[in-house]
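For reference, the structure is listed below as structure tokens.
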Amino acid sequence: MKVLFIGDSITEWGRHGDPEDIGTGYVRLIHDYFVTLYPNKQFTFLNRGVGGNRITDLAERWQQDAIAPNPDVISISIGINDVWRQIDHPEMEQVSVKQFEHLYVDLLTQVKEKTNAKIILMEPTVIDEDVESRGNQLLPNYVAVIRKVAQQFDATLVPTHRAFIDYLKANNGYKLTTDGVHMNSTGNMLMATTWIQAAGERLK
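Counting from 1, position 107 in the sequence shown corresponds to residue 107 in UniProt numbering; the numbering is continuous, with no gaps.
Written out as structure tokens, the structure reads:
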């Protein structure tokens, strides 16, 4: 079974220094979970995360990185930079909610038309470990798009945004990120366990 993960730096995390090109983030944890739990099953995990990507960047490389490998399962994690760039680089041309939805629908239409892949959509996580941060106030509109297109395309939704917000509300003081966005080991574990709980059946 070929499982392809595509997204931004949170997905990419460490893959360029990894001989297996899987990385050291949540993709590695999911890989290790399934390889050890099902040792008699043949898995191929592909990491196609690229740092800084927004959905516009995914659209430019979609055929080469998502369609051409012809995966059995494709997991998409995008949206953080579509919001974060509005905060840290407001001078850039921004991706509106409407454009985000239009592009996401186009990408998923291509998956449906050109592959037989099962589709898994991950919600973007958080921008700053503060529920009231500007980033976390802007993210829900993009999260809503992902929930909508998940229903539209019969995709499995991984509620990573909800999981992270619930964790922050618990206020136990243990950090999930290195800088408010990029995951430390605990944040990667929360992403991986949320993914496995929501989408693990797709790999059986």
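The C-beta atom is built at its ideal place from N, Cα and C for all residues, glycine as well.
Just so you know, these numbers come straight off a predicted model, no measurement behind them.
Outcome for residue i when other beta-carbon atoms lying within 10 angstroms are tallied against a minimum of 16
| i | result |
| --- | --- |
| Met92 | exposed |
| His161 | buried |
| Gly49 | buried |
| Val35 | exposed |
| Val187 | A small fix is needed here, since residue 187 is Gly in this sequence, not Val. Buried, since its Cβ has 16 or more Cβ neighbours within 10 Å. |
| Leu203 | buried |
| residue 254 | Look at the range of the chain in this structure, 1 to 204, and you will see that residue 254 is not part of it. |
| Ala17 | As written in the sequence, residue 17 is Gly, which differs from the Ala given in the question. Answer is exposed; the Cβ neighbour count stays below 16. |
| Pro90 | exposed |
| Asn136 | buried |
| Ile146 | buried |
| Gly25 | buried |
| Ile87 | exposed |
Contact check, residue i vs residue j, beta carbons under 7 angstroms
| i | j | result |
| --- | --- | --- |
| Ala59 | Leu121 | no |
| Lys119 | Ala155 | Going by the sequence as given, residue 119 is Ile instead of Lys. In this structure, Ala155 lies closer than 7 angstroms to Ile119 by Cβ. |
| Ile76 | Ile6 | yes |
| Val3 | Val73 | yes |
| Glu12 | Gly51 | yes |
| Lys114 | Ile67 | yes |
| Phe100 | Ile55 | yes |
| Val149 | Ala198 | no |
| Arg15 | Asp8 | no |
| Leu46 | Pro19 | no |
| Leu107 | Trp62 | yes |
| Thr178 | Asn184 | yes |
Nearest neighbour of residue i, chosen from the options [CA to CA]
| i | options | result |
| --- | --- | --- |
| Val97 | Thr109, Gly79, Gly14 and Asp32 | Gly79 |
| Pro124 | Met191, Asp65 and Asp32 | Met191 |
| Ser133 | Pro159, Leu168 and Val158 | Leu168 |
| Ile10 | Asp18, Gly23 and Lys2 | Gly23 |
| Asn171 | Asn136, Asp65 and Glu129 | Glu129 |
| Ala163 | Gln152, Asp179 and Val143 | Val143 |
| Ala117 | Asn141, Ile146, Thr177 and Phe153 | Phe153 |
beta-carbon residue i near the ligand NAP non-hydrogen atom, thresh 6 angstroms
| i | result |
| --- | --- |
| Arg48 | Among the components of this structure there are no ligands whatsoever, and the ligand NAP is therefore not found. |
Start-end ranges of the alpha helix (DSSP H) lying completely within the segment 51-134, minimum 4 residues: 55-62, 80-88 and 97-114
Sufficient close CB pairs (3 or more, under 8 angstroms) joining the segment 79-87 to the segment 33-43: no
Every unbroken alpha helix (DSSP H) within the segment 25-51, with a cutoff of 4 residues, ordered by chain: 26-37
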